[in-house]
Every structure is written in structure tokens, then in C-alpha cells.
Ligand SMILES: [Zn+2]
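Residue numbers (my numbering): 339 to 750.
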């Protein structure tokens, strides 16, 4: 399932109702600052490294926080960055690149260019400011501000295009989403829950013991925290593997609260139940012979949209589903709708979202489709349709705060 594609979308929807998205700045060393934004259930962490050569950034936050992020960077007094290192391609790590135009040299994993243009990303239309100028397949050492910055490809766990960025003189490493503040991690379609432990062990072997660990999301830690984190992953993997071996389903393991006692790792956006699901999916996949992936449905749907509009694109998508042989997912139309909504293409986004809530009326994220639909209708000035969509969201998920707030706002 394209679940983690949705997580930033789910989270990005929430701060709309917060007072102000603010960037918290923490000085880690005299020349290295941690810039964090609060996304509700988690923070997202960037680094700013300053000195005689200028400014270097590691990750730039989501597009929704770009203005605040740009202002916080400007306050550091070193102008625009010379380099931006992208720890992986997810939207909340690259959206602020837009603040600085196409001039900074962007460094990313060698799979990132394709990730930003292929599959569902064809609906994002990323500009040159996020496209990498230099890619890393293995490792790269950058000398900047008198520092030896060691950049190592660490793809394969959260997703397949992550970089570790080690400021060797500062004693600080950014580990991307290989760690999620030492909580249960999340796994995208192109990741593998079984790869966290081996990759963290590889990172530990490359890092000095006293390094400060910054993760893509949530709090900092130590190499001791990293070691405990891998032990948690090993232990929970054993529990889920044993459950599967005795024929228990994911639902049964969740129902029985298989990971009772591991609540301290639930301090971010992945729950015990979701971690069981990620582990079970990975263990089952590892036990199944490699299947041939289906064709990408997004390219033909995108072409239909460009040439004939959103209704034709939805019709094309439904034809592809009916034809079979395509790598389709219940979330596809929601993913496209949310991408277009974030590009302010509301008259098209509502068409995809309407199709999603029609075709996937009972899907577990249908409530979120209705909610995005409500926001789209609101933007288009159709208050009645927005109210109806809000009510549908609340019928599907009665305690969904953002829909309650939007409904109140619409009825004012
Ligand atoms: Zn990510």
C-alpha cells in the first residue's frame, strides 16, 4: 500500500488549523543549527551549517512551511545556501528548496531524480530547485567551511533513497528517516522494514561513539539510543515472525496487542499496530518469490489528464484497473487528488477525490478523501458541497478534528 505517501499528506493537512507553523532553531555547535517544524504528531528536522564558505542545508521542510523556514534561514545571516543535501525525496524534506531558487547545488541519492519524476511523482511537477545536481550511489566527501562532511548512501529501510550526512568535525550526524526519533519507523512502498536493523548497524560501524544523532523526525539521540533502537527492531521482528509462524493474521496479532510493553516507541506517527503490519508485510514478502511488478498506472493517467482533462484521466484510471496488469492501489486517486490540491489545482483535484470516495467508499482513508474534497470545494467557493463533504468525512471518522474544525469554519 502507498501508505507513507499519504502520511505526510495526512500530517500536512493538520497544521492548517494550528495558530502558526513555526520553525524552532536550536544551536547544536557554534556553526551548526537544528531547524525543526512541529507537524502535530512529529517534528521534521533540518540542519544549517555556516562558516567562511557560506551556508549548507540538510533538508528544507515541507512546502507549507517554506516561508517560515526561509525566514529562519535568512536570520542565520549567511544568505542563500551554497549546497542543499536532500536526505531522501519525501515532500517534507524538499519543499523549502523553493525558497532559494535553482542556484544551490543539490546533493541527493542517485535514485532521487527518477523518484521525483516517475510514478505518482509525475503529478508533483517538481521544479529545478529540487532536482539533484550531484547524486550519490555509494559515498561522497564534501569539504566545506573547513569541515569534512561524509555523505553515505543508506537506502533500503524507510525508503530506497536515503543519505546519511556526517559532520565529522562537529560530531553530528543526520540519519534521515532511518530513525524516526528512535520510535517505530515508517516504511514506504520502496522501503523494507527488515532493513532498518542492518542499516543502523552499518551506520554505527561508520560513526564515532560520541556522535550526536539527528533523525529526520523527532528528537536527537546518541549511539546508545541507536543500539537500543536496533534491539527493539530485532525483538519486535521476532515476535511478529513467531506470530506468523503459528498462523496468526495481522489483525489477530493487532487484536491481541502482540507488542504490549513496547508503548515507549509509539511517540511518533507509527503505532504498535502499524509496526506489526509493516513487519508482517516485509516478512511475508521476504518469504515469497519475487513477483514481476505491474506497469505504472500514473504515466498513462497523467497523459490523459494533460491531453483531455481530469474526467478523462479518471476514466483512463478505471480502464487500467479493469484491464489488470497495472500496479494499482486503493490509494492512487487520493494520492493524485492530494498532490493536485497541494498545487492549488482545485477544480481538477476534486474530480480525482470524488472518484476516490466513490470507488473506495469503504476504504480506511475514505474519511480523508472526503475531508480533502471539502477543502477543494471550499477553495472553489462551493460552500454547500464543502459542508456535505465535511459531514461525509465525519460520518466515516466521527472524531476527525480537522473536519470538525473545517465544518465549524464553513458554518460560521
Ligand atoms: Zn520520508
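We put the CB at the ideal spot given by N, CA and C, even for glycine.
Small disclaimer: the values here were computed from a predicted structure and weren't measured.
Under DSSP, residue 664 forms a beta bridge with 633. In the DSSP annotation of this structure, residue 597 is not part of any beta strand (DSSP E), being labelled neither H nor E.
Segment contact: the segment 439 to 452 against the segment 610 to 618, fewer than three CB-CB distances shorter than 8 Å; contact not assigned. Segment contact: the segment 394 to 413 against the segment 527 to 546, fewer than three CB-CB distances shorter than 8 Å; contact not assigned. When secondary structure is reduced to three states using DSSP, residue 502 falls in the strand class.
If the five residues before and after residue 730 are omitted, its C-beta is found closer than 6 Å to the C-beta atoms of 708, all from its own chain and listed in chain order. Taking every protein chain shown into account, the CB of residue 419 has 16 or more other CB atoms within 10 angstroms, so this residue is buried. Put simply, the residues with a CB less than 5 Å from any heavy atom of ligand 1 are 428 and 515, in chain order.
Fully contained in the segment 483 to 570 are the following alpha helix (DSSP H) runs of length 4 or more, in chain order: 534 to 544. DSSP, reduced to helix, strand and coil, places residue 682 outside both helices and strands of the structure shown, so it counts as coil. With respect to the 8 Å criterion, residue 574 and residue 597 are classified as neighbours on the basis of their beta carbons. Sorting 715, 747 and 377 by C-alpha distance to the C-alpha of residue 360 places 377 at the top. By the CB criterion at 8 Å, residue 435 and residue 474 fall outside the cutoff. With a beta-carbon spacing of about 7 Å, residue 541 and residue 516 fall inside the 8 Å limit used to define contacts. Counting other Cβ atoms within 10 Å of its Cβ, residue 625 stays below 16 and is therefore classed as exposed. For residue 371, the enclosing beta strand (DSSP E) has its first and last residue at 370 to 376. Residue 444 is a Cβ neighbour of residue 470, given a cutoff of 8 Å. If only uninterrupted alpha helix (DSSP H) runs of at least 4 residues are considered, those enclosed by the segment 417 to 453 are 429 to 432 and 450 to 453.
Here residue 684 has 714, 717 and 718 as same chain residues with Cβ atoms under 7 Å from its own Cβ, once five neighbours each way along the sequence are excluded. Annotation: residue 558 to residue 519 spans about 7 Å, alpha carbon to alpha carbon.
For residue 370, same chain residues with a beta-carbon under 7 Å away, outside a window of 5 residues either side, are 385, 387, 505, 508 and 510 in chain order.
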